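Enquirer:
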Amino acid sequence: MHERRNFLMKLAGLTAGILVPFPMIKGMPGPVRDRLGELLPLRKLGKTGVAVTMLGLGGYHIGWTTETDAEGTIEAALEGGIRFFDTAEAYGPHISEERYGKFLTPKYRDVAFLMTKTLAKDAKTAKKHLEGSLKRLKTDFLDLWQAHAIASKEDADTRLNEGVFDYLMEAKASGKVRHIGFTGHTNAGAHAYLLEKLKKEGYLETVQMPVNPVDAAHGVSFIKQALPLAVEQEYGILAMKTLAGGQFFAQKMELEKKLWETDDPVIPGRISLTEVLNFVWSLPVSVLITGASTPGMIREKVRLAREHMSLDKKRQQQLIEKVADISRQEKVEYYRNRG
2 MHERRNFLMK
12 LAGLTAGILV
22 PFPMIKGMPG
32 PVRDRLGELL
42 PLRKLGKTGV
52 AVTMLGLGGY
62 HIGWTTETDA
72 EGTIEAALEG
82 GIRFFDTAEA
92 YGPHISEERY
102 GKFLTPKYRD
112 VAFLMTKTLA
122 KDAKTAKKHL
132 EGSLKRLKTD
142 FLDLWQAHAI
152 ASKEDADTRL
162 NEGVFDYLME
172 AKASGKVRHI
182 GFTGHTNAGA
192 HAYLLEKLKK
202 EGYLETVQMP
212 VNPVDAAHGV
222 SFIKQALPLA
232 VEQEYGILAM
242 KTLAGGQFFA
252 QKMELEKKLW
262 ETDDPVIPGR
272 ISLTEVLNFV
282 WSLPVSVLIT
292 GASTPGMIRE
302 KVRLAREHMS
312 LDKKRQQQLI
322 EKVADISRQE
332 KVEYYRNRG
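Under this note's numbering, the first residue of the sequence shown is numbered 2, with each subsequent residue one higher.
See below:
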């Protein structure tokens, strides 16, 4: 318990520093707007100088839901004020990028912050992936490109030695990519290792990782091991797996087929969907990336974003303690190495 309190204290106050205040309109604070309407609240994306919406649309679901629902979900996200769009060349594979290229970029590229990722283990493959992604997404540049799914320290070293991160920098220098980073959901130690390894270079700008109360309750934790390092180095932090890939729900597949209610338990009888999202947004994350396979699902998350109430450290601690006893159950965070 003492360790958990320590890491919460280290993060205390940092979230406020990444919030972008509302602009003054006729002497009163008002929401940011663009040609489509009112945006969700904005947060600073680390040292990039860019501000992004606090909620982003995940691309994985866009790649496997029906094409009709994919189009509707993208439109609902835009209508709700989301401007951050996540995808990867591996989603589908390629289907998610193709659907963004069909339904997002032709009409909305000017307002969308567009991110995709590469699983490449070497520079040659990374170059091929970038060329394919740009073609499928129907755009001349990416707002963010990330090395995808760093799985271990050995994997990190392989991609470093085989020039993947050098090519990310090359792509940025060429103008095909504006910002670069990396992701991973398997190994918190690998995240911490890569953050430390590249600390002096300082050329990476974003990091994507699981962020949820169960992760925080475990000794091997992205929140405890990687997030403080990322904050220290002014990375933009992208939160994923906030509902443990849906495993927090008792009946995942049924909930994929209908719009959930905000009072449905995430972990039955312990914490709610609202509490989990508020927990994540109370940490210094730039954007919470959420999966949604229907327009109704993304509208629900938009509503929760607009109603967000920040949790103090005491309340965060209480939520962590409520799930501490299940934090070692593999079925809860099935996607990661608990090592």
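Virtual Cβ for every residue (Gly too), placed ideally from N, Cα, C.
Nothing here was measured: the structure is a model prediction, and the numbers come from that model.
#1: Measuring only the C-alpha atoms, how far is V267 from D87?
#2: How would you call P296, buried or exposed, if buried means at least 16 neighbouring beta carbons within 10 angstroms?
#3: Ignoring anything shorter than 4 residues or poking outside the stretch 105 to 165, list the alpha helix (DSSP H) runs there in chain order.
#4: Does the structure place the stretch 294 to 314 close enough to the stretch 150 to 167 that three or more beta carbon pairs sit under 8 Å?
#5: Return the bridge partner residues of F280 from the DSSP annotation.
#6: Taking only the alpha-carbon atoms, compute the straight-line gap between E197 and T69 and give it to the nearest angstrom.
#7: Kindly give me the distance between the Cβ atoms of P355 and I321, rounded to whole angstroms, as I take these residues to be in contact under 8 Å.
#8: Rounded to whole angstroms, what's the CA-CA distance from A135 to G270? Just pull it up for me.
#9: So, for L15: in the same chain, excluding its five sequence neighbours on each side, which residues have a beta-carbon less than 7 Å away from its beta-carbon?
#10: Is DSSP giving K198 helix, strand or coil here?
#11: Does M241 come out as helix, strand or coil in the three-state DSSP assignment?
#12: How close, in whole Å, do the beta carbons of L66 and H180 come, if the pair is a contact with beta carbons under 8 Å?
#13: Assuming K139 and T106 are in contact, meaning their beta carbons sit under 8 Å apart, how far apart are those beta carbons, in whole angstroms?
#14: V221 and G81 - do their beta-carbons sit closer together than 8 Å?
#15: Helix, strand or coil for M310? Go by DSSP, reduced to three states.
#16: Give the range of the beta strand (DSSP E) segment to which K45 is assigned.
#17: Excluding the 5 residues flanking Q226 on each side, which residues of the same chain have their C-beta closer than 8 Å to its C-beta?
#18: Just the C-alpha distance for A77 and N279, rounded to the nearest angstrom, thanks.
#19: Can the beta-carbon of R84 be found closer than 8 Å to that of F114?
#20: Taking its Cβ as the centre, do 16 or more other Cβ atoms sit within 10 Å of R100, making it buried, or is it exposed?
#21: Could you tell me the alpha carbon to alpha carbon distance between T272 and Q319, rounded to whole angstroms?
#22: Taking the CB atoms as reference points, tell me whether S294 and T126 lie closer together than 8 Å.
#23: In chain order, which beta strand (DSSP E) runs of at least 3 residues are fully inside the stretch 47 to 114?
#24: Quick one: Cα of G203 to Cα of L230, how far?
Expert: Taking the geometry as given:
#1: Taking the sequence shown and counting its residues from 1, the one referred to as residue 267 is at position 266. Taking the sequence shown and counting its residues from 1, the one referred to as residue 87 is at position 86. Going from the Cα of V267 to the Cα of D87 covers about 24 Å.
#2: Numbered from its first residue, the sequence shown carries residue 296 at position 295. Counting Cβ neighbours within 10 Å, P296 comes out buried, since at least 16 surround it.
#3: 106 to 109, 124 to 138, 154 to 162
#4: no
#5: Translated into positions along the sequence shown, residue 280 becomes position 279. F280 is not bridged to any residue.
#6: To locate residue 197, count along the sequence shown from 1; it is residue 196. To locate residue 69, count along the sequence shown from 1; it is residue 68. Their Cα atoms are separated by approximately 44 Å.
#7: Lying before the first or after the last residue shown, residue 355 is absent from the chain, which here runs from 2 to 340.
#8: Position 134 of the sequence shown, counted from the first residue, corresponds to residue 135. Position 269 of the sequence shown, counted from the first residue, corresponds to residue 270. According to the sequence shown, residue 135 is Leu rather than Ala. Cα to Cα, the separation comes out at about 45 Å.
#9: Locating residue 15 in the sequence shown gives position 14, counting from the first residue. These residues qualify, in order along the chain: V232, P285.
#10: Taking the first residue of the sequence shown as 1, we reach residue 198 at position 197. Of the three classes helix, strand and coil, the one that applies to K198 here is helix, per DSSP.
#11: Counting from 1 along the sequence shown, the entry for residue 241 is found at position 240. Three-state result, M241: strand.
#12: What you label residue 66 is simply residue 65 of the sequence shown in a count that begins at 1. What you label residue 180 is simply residue 179 of the sequence shown in a count that begins at 1. Residue 66 is actually Thr in this sequence, not Leu. In fact, because the Cβ distance is near 28 Å, the residues do not count as touching under 8 Å.
#13: Taking the sequence shown and counting its residues from 1, the one referred to as residue 139 is at position 138. Taking the sequence shown and counting its residues from 1, the one referred to as residue 106 is at position 105. Between T106 and K139 the Cβ distance is about 5 Å, and since that is below 8 Å, they are a contact.
#14: Within the sequence shown, numbered from 1, the residue matching residue 81 stands at position 80. Within the sequence shown, numbered from 1, the residue matching residue 221 stands at position 220. No.
#15: Position 309 of the sequence shown, counting from 1, holds the residue named residue 310. Coil at M310, not helix or strand.
#16: The residue you call residue 45 lines up with position 44 of the sequence shown. Here the beta strand (DSSP E) through K45 covers 43 to 45.
#17: Sequence index remark: in the sequence shown, residue 226 carries index 225 (1-based). For Q226, where only same-chain residues beyond five positions count, the Cβ hits under 8 Å are A189, G190, H192, A193.
#18: What you label residue 77 is simply residue 76 of the sequence shown in a count that begins at 1. What you label residue 279 is simply residue 278 of the sequence shown in a count that begins at 1. Between A77 and N279, the alpha-carbon positions lie close to 22 Å from each other.
#19: If you number the sequence shown from 1, residue 84 lands on position 83. If you number the sequence shown from 1, residue 114 lands on position 113. Yes, the pair counts as a contact, with Cβ atoms nearer than the cut-off.
#20: Here residue 100 refers to the residue found at position 99 of the sequence shown. Flag for R100 reads buried.
#21: As a working note, residue 272 is residue 271 in the sequence shown. As a working note, residue 319 is residue 318 in the sequence shown. In the sequence as presented, Thr is not what sits at residue 272; that position holds Ile. The alpha-carbon atoms of I272 and Q319 are separated by roughly 10 Å.
#22: For the purposes of this step, residue 294 is taken as the residue at position 293 of the sequence shown. For the purposes of this step, residue 126 is taken as the residue at position 125 of the sequence shown. Not a contact, by the Cβ cut-off of 8 Å.
#23: Within the stretch 47 to 114, the complete beta strand (DSSP E) runs of at least 3 residues fall at 52 to 54, 56 to 58, 85 to 87.
#24: Along the sequence shown, read from residue 1 onward, the residue named residue 203 stands at position 202. Along the sequence shown, read from residue 1 onward, the residue named residue 230 stands at position 229. About 12 Å.
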